[in-house]
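Chemist:
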Amino acid sequence: MIVRLSEFDNCFYVGREHKSPPLTNKMMEMEPQSAPTPKKHSKKPKYSKFSQQELPAWKPILTPGWVIATFTVVGIVFIPVGLASLFSSESVEEASIRYDDQCLTEMHSENAVEFIQNGLTNKTCTTSWIVERRMQAPIFIYYQLDNYYQNHRRYVKSRNDKQLMNPASEGDTTNCYPQDKTNDSMPIVPCGLMAWSLFNDTYRFSVNTNSLAVNKKDISWGSDRSSKFGSKVYPKNFQVGGVVGGAKLDENIPLSQQEDLIVWMRTAALPSFRKLYGKIETNLEVNDEVEIVIENNYNTYEFGGKKRLILSTSTWIGGKNPFLGMAYLFVGGVSLVCAIVFILLYVIKPRPLGDPSYLSWNKNPGLLK
Amino acid sequence: MKRYVYINDDESSHDLYCDNRISNRKYTVLNFIPKNLWEQFSRFMNQYFLLIACLQLWSLITPVNPASTWGPLIFIFAVSATKEAWDDYHRYLSDKKANEKEVWVVKNGIKKLIQAQDIHVGNIVWLRENDEVPCDLVLIGSSDPQGLCYIETAAMDGETDLKTRVIPSACMGIDVELLHKIKGVIECPTPDKDIRRFDANMRLFPPFIDNDICPLTIKNTVLQSCYLRNTEWACGVAVYTGNETKLGMSRGIPEPKLTAMDAMIDKLTGAIFVFQIVVVMVLGIAGNVWKDTEAKKQWYVLYPDKGPWYELLIIPLRFELLCSIMIPISIKVSLDLVKGLYAKFIDWDDQMVDLETSTPSNATNTAISEDLGQVEYILTDKTGTLTENKMIFRRCCISGIFYGNENGDALKDVELLHAVSSGSPDVVQFLTIMAICNTVIPTQSKTGDILYKAQSQDEDALVQAAARLHMVFFNKSGNILEVKFNNLILQYEVLETLEFTSDRKRMSLVLKDCQNGKILLLSKGADEAILPYARTGQQTRNFVEAVEQYAHLGLRTLCLAWRELREDEYREWSLMFKEANSTLVDREWRVAEVCQRIEHNLEVLGVTAIEDRLQDGVPETIETLRKAGINFWMLTGDKQNTAIQIALSCNFISPEPKGQLLSIDGKTEDEVRRSLERVLLTMRITTSEPKDVAFVIDGWALDFALNHYRKAFTELAILSRTAICCRVTPSQKAQLVQILKSCDYRTLAIGDGGNDVRMIQQADIGVGISGREGLQAARAADYSIGKFRFLKRLILVHGRYSYNRTAFLSQYSFYKSLLICFIQIFFSFISGVSGTSLFNSVSLMAYNVFYTSVPVLVSVLDKDLSEETVIQHPQILFYCQAGRLLNPSTFAGWFGRSLFHAIVVFLISIHAYAYDKSEMEEVSMVALSGCIWLQAFVVAMETNSFTILQHLAIWGNLAGFYAINWIFSALPASGMYTIMFRLCRQPSYWISIFLMTAAGMTPILAIKYFRFTYRPSKINTLQQAERLGGPIVSLGTIEPQPRPLIEKDVSTLSITQPKIRNPVYEPLLSDSPNATRRSAGTPFDFFQSQSRSSLPNYSRNCKDN
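Read top to bottom, the protein sequences are chains B and A.
With the first letter of the first sequence counted as 1, position 350 gets the number 350 in this note's numbering; the numbers rise by one all the way through.
Quick note, this note's numbering runs 369 ahead of the 1-based positions in the second sequence.
#1: Taking the C-alpha atoms as reference points, what is the distance between A:A329 and A:G753?
#2: Spell out whether any CB of chain A is found under 8 Å from the CB atom of B:G319.
#3: If the cut is a Cβ gap below 9 Å, which residues of chain B does A:H1280 touch?
#4: Taking A:Y939 and A:V987 to be in contact with their CB atoms under 8 Å, please state how far apart those CB atoms are, rounded to whole angstroms.
#5: Run the CB neighbour count on A:W1359, radius 10 Å, all protein chains shown included, and call it buried at 16 or more, exposed below.
#6: Residues in the segment 114 to 138 of chain B with C-beta within 7 Å of chain A's C-beta atoms, listed in sequence order?
#7: Any residues in the segment 260 to 279 of chain B with a beta carbon nearer than 8 Å to a beta carbon of chain A? Which ones, in chain order?
#8: Taking Cβ-Cβ distances shorter than 8 Å, what residues in chain A pair up with B:D303?
#9: When DSSP labels each residue in this structure, what does B:L311 get in the three-state scheme?
#10: For the alpha helix (DSSP H) containing B:D224, list its first residue and its last residue.
#11: Use the C-beta contact count for A:I347: other C-beta atoms within 10 angstroms, 16 or more gives buried, fewer gives exposed.
#12: For A:F1381, would you say it is in contact with chain B, using Cβ-to-Cβ distances shorter than 8 Å as the test?
#13: What number of angstroms, rounded off, separates the C-alpha of A:G1252 from the C-alpha of A:I1033?
#14: State the DSSP-derived secondary structure class of A:R687, mapped to helix, strand or coil.
#15: Let me see if you follow: with CB-CB separation under 8 Å, is A:L1374 close to chain B or not?
#16: Is any beta-carbon of chain A found at less than 8 Å from that of B:C338?
#17: When Cβ atoms are compared, which residues of the segment 229 to 247 of chain B fall closer than 9 Å to chain A?
#18: Taking only beta-carbon positions, decide if B:L145 is within less than 8 Å of chain A.
#19: Can you check which of these residues, A:R932, A:N856 and A:N492, is closest to A:I802 by C-alpha distance?
#20: Run down chain B in chain order and give the residues with a C-beta less than 7 Å from the C-beta of A:N1313.
#21: Strictly by DSSP, which residues pair up with A:E1237?
#22: Give a yes or no on whether the C-beta atoms belonging to A:D561 and A:M618 are separated by under 8 Å.
#23: Can you list the residues of chain A that B:S197 reaches, using a CB-CB cut of under 7 Å?
#24: Which class does A:Q860 belong to by DSSP, given the choice of helix, strand or coil?
#25: Under 8 Å between the Cβ atoms of A:F843 and A:A835?
#26: Determine the burial state of A:E1288: buried for a count of at least 16 other Cβ atoms within 10 Å of its Cβ, exposed for fewer.
#27: Please return the same chain residues whose Cβ sits closer than 6 Å to the Cβ of A:C964, not counting the five positions on each side in sequence.
#28: Give the residues of chain B in contact with A:P1341, contact being defined as C-beta atoms less than 9 Å apart.
#29: Report the rounded CA-to-CA distance for A:T1221 versus A:L706, giving the unit in angstroms.
#30: Does any residue of chain B bring its CB to less than 8 Å from the CB of A:V1292?
#31: Between the Cα of A:L929 and those of A:G653, A:A895, A:Y672 and A:F1260, spot the shortest distance and give me the residue it belongs to.
#32: Quick one: what's A:V1273 bridged to in DSSP?
#33: Give the DSSP bridge partners of A:D330, in chain order.
#34: For A:I1022 versus A:A961, is the C-beta spacing smaller than 8 Å?
#35: Starting from the C-beta of B:E93, find all residues in its chain whose C-beta is less than 6 Å away, skip the five residues before and the five after it, and write them out in chain order.
#36: Whole angstroms are fine: how far does the CA of A:I849 sit from the CA of A:I810?
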């Protein structure tokens, strides 16, 4: 191996002082005896394994042994991993409560959009849910939006990271149109559609009539708080004129502590997504009745989006998502089947590799099909 | 139009005609940038990329930073421009060298040394021996008292013998001193490129000759680039100068050559472009519909009610930009890079170094190595290409005794040496004829060595051999020949010379032996021209046998004979000869007839055998390349007999009964037509027989065939796998190449002389042999090699590897671009068809520039089969010739593979990273990682041999991907701050990646394995045999089947092609062996850069029938 490596060195540093590695006699003969000249166009080409395309090479071919072994190994590894993933996904306790329709009273079901846009209607609604299985703290509270295109191009681009981080770039509202400036041309902080449409439903929980504390600290990424959202940048002119989008921000709290905003501004890649609302630090026992008071403010009726409240525990693989486990089981299973098919083929219809009888040139390769 | 050249008139013609400045340059300093840019933008790909780059400047539609396109674009342009500038600079330098060469020119009556570029039409130019002629001159004076001078025209027509030129009669006898003052006018045609014709008149002004018009022919001229030889000095009037010389006019700028592969890649690019347009239209319409129906309801997007007028265009244009990466901008750079490396591998190849002259092979044209692997026809010159062009006296038969039969060299035959030293009269007479029966001129060099100037290489060989056998011909002064034999000086006086003509096929000398006053007739000639005239009673059977034996060995034979003439017989004949020589009508015929009267009753002395040695390995090379399915045509300026003889000796044609040689000849149009039709008919009939049928045609008949019966001749060309064309001119050689090219064959022309230059430039690939006839061919050629046998390695090893490697590289480039593009397209369906890019600018740029281009570049080191295996089984080249590794079908395989991989990556990314993990940057990096992993495994799976470089590039690149992304993740300013660190800590990330790799690769592995084992291509079978060892030896033993059988096999293999040459391609994952590159009706050939005009009447399919 040492020999190979030094060979390889030589071929790249032609012209460098030649340190002759301890080579076998045969190789010594091949090496030019004189130190390589740095001249570029020497008449006779210099011998090197690289220039002669003779670098030592490993030439594997797809022998039945290798291929069958590969498929078997894939099968053997993937099935347990798949099972493990599936079990851990199954062990996640998750409760999903759709409330956008529940919180719509009979009166407003015909004109939901008007209801949600009217600042005077009472949007508080209450729902309750009985814990079916024990949920171990921390319990994560998510809100889930469906049919909501955070990844829409107009939306994705409509923010200004400089403004969010740096108090000096307050006036920098590039890309934020149409939510860049107020009617009197004052820059909006934070600007852009994304901040403007901040989710503004709120939830209060109580278990068996005892109110349940929701921890809203540390729900966003630490890196965002420290490096993306400035601790000296305060909201300004936010949601003042014209159409109000979503939640308003407390102008006395710097952006780095506006965790709901920070969470919201981590764009979701899919039109159906969950965002962390908070954490419940106490366990929920079986048959606990959880009462949830929802302030149903956010307008999803206009585009037929759904809103859900999710309570979920977590494991090493994340929340409840059986996809990976199933996929692993599938791929592993198919691999094993392949392995078996190839073994059978090999046994039933063995074909010697490199059989010269396949080589006779009078056979038309096209007819070999 | 005529031009009037006033001799020695310094004023008149200066402004009329150009000076002698030669310019081959394409650019000047000023026009370089605009002209070069214009040229580059005439390429469709470049226009496309420029358009994309410009669109990206519009921030409303650009998905990524414009720098990601502008950077590579500027880089590509800079690279090509630099290369052009460099080439042009070299052309400038070589022009400069020629222009600044100093020559003697008469100015104002005084001889001055000026630079060649300052010669003007009308100037008198003086040349000394061995000077190169700077421009086209009409001779007016020479050192020779008879007004002769000798020139070598090798640079022009490749003929190395000396040619005589004579000063016009009007200038004959003018004193040297007066030549300075000569005045007159030459009326000559405007410059043309015909080097065989010069019809002009000269009139000298008094006092030289009073107003007589003297006709001039090409005999009175010396043309640019010839060399003055064997003549002390000569002078002439410049008539054509600079780029207007006959050579300059015929030079022309060779068309840039495009490989079949490039054409195919362009075609596929076109197909992808169409696909892209379709995708853009569909998505653009879908996007606009979605916008008008859905997006208006998505209040948070705040779509304005009324947009600008171009509103409808925005979304399609966004998609155009998103999809622009479908056509990989890197492909041109990658291809240029690897092509450069292929060329370097040829330059570096130790096994293609001519050890005799230590000239390495050289790839001048770095862009067409792939075509080497697709050659179907090789058109080869004979002398100097197949042979060494070094005539050597090898054997002889004197009075029935064979010399040189044991060791193959008569000069070392002890018996002959003994016979010479013992002074055997027959042998001495034989040597005398060898030494003096010729037109050789001996000259003595300064060191005292005797150098022979011979018009014929054969005569040179004989004189040299005689000298080695102590019969040294050392002086010729006037009519006196002096020969030294064993320190004895013998003198002969030449009385008459009976010149060689191709009809007589012999030459004779009548001379007087000064020692004893006897008059002798010495003759030498072809056997059929000498033996019938042997003295009655002489047994010639011995000589006939000798001739047959030698011819069988491929030696050129000459019979030597003599006779003593009686005084009165000679005198009588001499009168007739003089009379015949002065006849005006049918002189040649009369002279021949008179000669006949004296050349009889000859005493035949013996037979000489001269070897124009075949270069080493020529028969083997031809045989190997034949097996590879390559057809050979021999185009030579030589005589038909010699050509056939050489063809026989180098396996070019097989002797009867295995082979059959059909001849097309005739002196008139009608004869030629009939002959051609007859041959064509025979050819059609015999196609089914396992017989090597070849045809032979000479230049005269070829002229008729090409001009009047082109259609029939083309058909013949298609039918015939072998042809010999003799006595052809350089332009006919080029025309033949043109015919084969017009039938859509890939042609390779190989030659060594200036007469091959046009053919070399015309052919798809020109190979020059840097041989004895100078370097003109090598300079004009795309490749220059030292010996013919290197052609085998050039084609089978370098050509084949280049083809395979480029086939993989180009398709892979499309695969990886399509892969990421498909993911973008899929993503657009879940992002409201709004044209959002899933990947950020950094990733997109780095994907093309770093992540995917490095591993594939090392595929230039890949070898599917070892060199030895390929040489042993040259038939494998068929895969390259038929374009089996790169064609719409294999491309469809790669297209399908990228689609499949895109689906795998996309589905797994969005499902594994759904709900709470659905964060854009994270999903984007998961998908990107999946692409990188998959492409690493794809490269690994398609690699046949892993050197350390491959391992480094493939796995190092994977590591590099993480390194680069970690760096970006550590920069707070970048959009992907901390993303990669977060992902690498998540088990679900790794689980997803492994899932993508496994799900993406296992089907491919399964299919590949299945095909490899149960439907193996020949390549696969050979791979298996080679890697597993053992059977390869037994393969070698079954190989030597009788040749015609193999020939038949190869042709059967192609006969069945019509079945698969239909436009229906199997959709396969990769390397389909069942498709061919010639797709008759691909729907996508709309911007095929090279439209080939093929004769519709002749489908290619009959080519091997």
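The beta carbon of each residue, even a glycine, is placed where N, CA and C say it ideally should be.
Modeler: In this structure, then:
#1: For residue 329 of chain A there is no data in the structure shown, the boundaries of chain A being 370 and 1474.
#2: In the first sequence, counting from the first residue as 1, residue 319 of chain B sits at position 319. Chain A contact via Cβ: present.
#3: Along the second sequence, one-based indexing puts residue 1280 of chain A at 911. Result: N321, F323, L324 and A327.
#4: One-based indexing of the second sequence puts residue 939 of chain A at position 570. One-based indexing of the second sequence puts residue 987 of chain A at position 618. Not a contact, Cβ separation roughly 47 Å.
#5: Taking the first residue of the second sequence as 1, we reach residue 1359 of chain A at position 990. That one is exposed.
#6: none
#7: R266, T267, A268, A269, L270, P271, S272, F273, R274, K275 and L276
#8: Here residue 303 of chain B is taken as the residue at index 303 of the first sequence, counted from 1. For the sequence presented, residue 303 of chain B should be read as Phe rather than Asp. Those within 8 Å of B:F303 in chain A are E663, K666, Q667 and W668.
#9: As a first step, residue 311 of chain B is located in the first sequence; it is residue number 311 there, counting from the start. In this structure, B:L311 counts as strand in the three-state DSSP scheme.
#10: Numbered from 1 along the first sequence, position 224 holds the residue referred to as residue 224 of chain B. Start and end: G222 to S227.
#11: Residue 347 of chain A cannot be examined here, being either before or after the span of chain A that is shown, 370 to 1474.
#12: Here the question's residue 1381 of chain A lines up with position 1012 in the second sequence. So yes, A:F1381 belongs to the interface.
#13: Reading the second sequence from its first residue, position 883 is the one you call residue 1252 of chain A. Reading the second sequence from its first residue, position 664 is the one you call residue 1033 of chain A. Distance between the alpha carbons of A:G1252 and A:I1033 is about 34 Å.
#14: Here residue 687 of chain A refers to the residue found at position 318 when the second sequence is read from its first residue. Looking at A:R687 - three-state DSSP - the assignment turns out to be helix.
#15: Taking the second sequence and counting its residues from 1, the one referred to as residue 1374 of chain A is at position 1005. It does; some Cβ of chain B falls within 8 Å.
#16: Taking the first sequence and counting its residues from 1, the one referred to as residue 338 of chain B is at position 338. Interface residue, yes.
#17: V243, G245 and G246
#18: Stepping through the first sequence from its first residue, residue 145 of chain B is reached at position 145. No, because no Cβ of chain A sits closer than 8 Å to the Cβ of B:L145.
#19: If you number the second sequence from 1, residue 802 of chain A lands on position 433. Ranking the options by Cα distance to A:I802, first place goes to A:R932.
#20: Taking the first residue of the second sequence as 1, we reach residue 1313 of chain A at position 944. Neighbours of A:N1313 on chain B, chain order: K59.
#21: As a working note, residue 1237 of chain A is residue 868 in the second sequence. DSSP lists no partner for A:E1237.
#22: Here residue 561 of chain A is taken as the residue at index 192 of the second sequence, counted from 1. Here residue 618 of chain A is taken as the residue at index 249 of the second sequence, counted from 1. Closer than 8 Å, so yes.
#23: Taking the first residue of the first sequence as position 1, residue 197 of chain B is located at position 197. Y669, listed in chain order.
#24: Translated into positions along the second sequence, residue 860 of chain A becomes position 491. Strand, per DSSP.
#25: If you number the second sequence from 1, residue 843 of chain A lands on position 474. If you number the second sequence from 1, residue 835 of chain A lands on position 466. No.
#26: As a first step, residue 1288 of chain A must be located in the second sequence, where it is residue number 919. The residue in question, A:E1288, is buried, as its Cβ has 16 or more Cβ neighbours within 10 Å.
#27: Indexing the second sequence from 1 puts residue 964 of chain A at position 595. These residues qualify, in order along the chain: L867.
#28: Against the second sequence, residue 1341 of chain A aligns to sequence position 972. Correct list: M165, S223, S226, S227 and K228.
#29: Your numbering for residue 1221 of chain A matches position 852 in the second sequence. Your numbering for residue 706 of chain A matches position 337 in the second sequence. Going from the Cα of A:T1221 to the Cα of A:L706 covers about 15 Å.
#30: The sequence position of residue 1292 of chain A within the second sequence is 923, counting from 1. Yes, because at least one Cβ of chain B sits closer than 8 Å to the Cβ of A:V1292.
#31: Stepping through the second sequence from its first residue, residue 929 of chain A is reached at position 560. Ranking the options by Cα distance to A:L929, first place goes to A:A895.
#32: On the second sequence, position 904 is the one that residue 1273 of chain A refers to. Looking at the DSSP assignment, A:V1273 forms no beta bridge with any residue, so it has no partner.
#33: The requested residue 330 of chain A is not part of the displayed model; chain A covers only 370 to 1474.
#34: Numbered from 1 along the second sequence, position 653 holds the residue referred to as residue 1022 of chain A. Numbered from 1 along the second sequence, position 592 holds the residue referred to as residue 961 of chain A. Result no, Cβ atoms of A:I1022 and A:A961 do not sit closer than 8 Å.
#35: As a first step, residue 93 of chain B must be located in the first sequence, where it is residue number 93. Around B:E93: R133, M135 and T313.
#36: Locating residue 810 of chain A in the second sequence gives position 441, where the first residue counts as 1. Locating residue 849 of chain A in the second sequence gives position 480, where the first residue counts as 1. Taking the straight line from one Cα to the other gives about 12 Å.
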